[in-house]
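Residue numbers (UniProt numbering): 1 to 317.
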Amino acid sequence: MTLVFICFIALAVVLLVLGIGLERGGAAARELSERLRSIAPHREGPGRELERDRRLSVIPWLDRTLRGIRLGERLEMLLYQAGVSLRAGTLILLCVVFAGGGYILGLALAHRLFPAIVGFAACGPLPLLYVMSRKRGRMRAFAREFPDALDLLVTALRAGLSFTAAMQIVADEAPEPVRGEFAVTVEEQALGLDAREALLHLTRRVDVLDLRFFATAVLLQRETGGNLAEVLANTSALIRDRFRVLGDIQTYTAQGKITGMILVCLPIFVCIFMVVLTPNFFGPMLDSDSGRFALWLAAGMQVAGILAVRKIVNIRV
């Protein structure tokens, strides 16, 4: 048992060091490539996709595998939206390391297969959950700053500037993450990409509903004509009203969310408390088929309850 434990720990450490080392090497290569491109600009014609390092992993076979499935591209976009400077392959390696660590921890503490499987399932998704949490925070920050950026854009348009020049002002003056995303859009247009495609790229990079309102308004104005400043001013007012209604809904559903959190956490804490007081409390259940079935059924019903509570208290506006 001790030898197996040491082997798994050594494997986890090796994988973690390998992933971090490869990622740092990839980051250094990307930085060098960007510096070289700044010294020697591209000579490509307009309309071509901007060249960038799109490898999903610095490990060749893992990169080929991830390119063959849609999961790789989705993870890469998720990492970009979260503002995390990792590749999809590195994230997968981290999930594998955490899953192995959870399995070893459960096996070492309880000396049973069921706790090891629980540790494997609980610890494996932790890096992915962290990235998803970072994405939600970054998207909330973008949505919070976006109405002010729209007001700045409207002011620049009313001052007589073109739409591209107004976008450049937002890219210079708005806070992050609005500034960075608008700067990428302005750079894409400066390098020859069509304004429509640049806006569509912006909506794909930023998963915010209000930004889609903005892109739709701009594209419709380009096709039908009209006062773009007035259209964007109305869009900004609509977004602010939506935030006000959303705030009221969050206030009304706060009690339900707290109740849901208590109902979700209570069984887990009770189980942990009973195991601490009586380490062999679940022993008879784990030794029988009916007991194991009851535990799996309870875990499944707990997950179903979590999803049901989230569905009830999460109201989209």
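Cβ atoms here follow ideal geometry from the backbone N, Cα and C, with glycine treated the same way. Computed from a prediction, not measured in an experiment: that's the story for all the values here.
- Item | Run of the alpha helix (DSSP H) containing Ser133, from where it starts to where it stops | Leu126 to Arg158
- Under the rule that 16 or more other beta-carbon atoms within 10 Å means buried, what is Ala190, buried or exposed? exposed
- How big is the Cα-Cα spacing for Val303 and Ala195? Approximately 45 angstroms between the Cα atoms of the pair.
- Query: How is Ser288 classed by DSSP in three states: helix, strand or coil?
  - Reply: coil
- Task: Would you kindly work out how many angstroms separate the C-alpha atoms of Ala298 and Arg67, rounded to a whole number?
- Result: Straight-line Cα distance between these residues: approximately 38 angstroms.
- Message: By alpha-carbon positions, which one of Phe120, Thr185 and Leu246 ends up nearest to Leu94?
- Response: Nearest to Leu94 by C-alpha distance, out of Phe120, Thr185 and Leu246, is Phe120.
- Cutoff 7 angstroms; reference Ala141; Cβ partners in own chain excluding five residues on either side: Pro177
- Message: With three or more C-beta pairs closer than 8 angstroms as the rule, is the segment 173–187 touching the segment 58–67?
- Response: no
- Exposed or buried, what is Phe269 when buried is set at 16 or more other beta-carbons lying within 10 Å of its beta-carbon? exposed
- Item | C-alpha gap between Arg242 and Ala156, whole angstroms | 24 angstroms
- Task: Could you give the DSSP three-state label for His201: helix, strand or coil?
- Result: The three-state secondary structure of His201, taken from DSSP, is helix.
- How do the segment 205–212 and the segment 74–82 stand: do at least 3 beta-carbon pairs fall below 8 angstroms, yes or no? Segments in contact, yes.
- Query: Given Thr235, which residues of its chain have a CB within under 7 angstroms of its CB, disregarding the five upstream and five downstream residues?
  - Reply: Leu150, Phe213, Phe214 and Ala217
- Message: Would Leu263 and Gly305 be called neighbours here (beta carbons separated by less than 8 angstroms)?
- Response: Contact: yes.
- Item | Alpha-carbon to alpha-carbon, Leu199 and Leu193 | 10 angstroms
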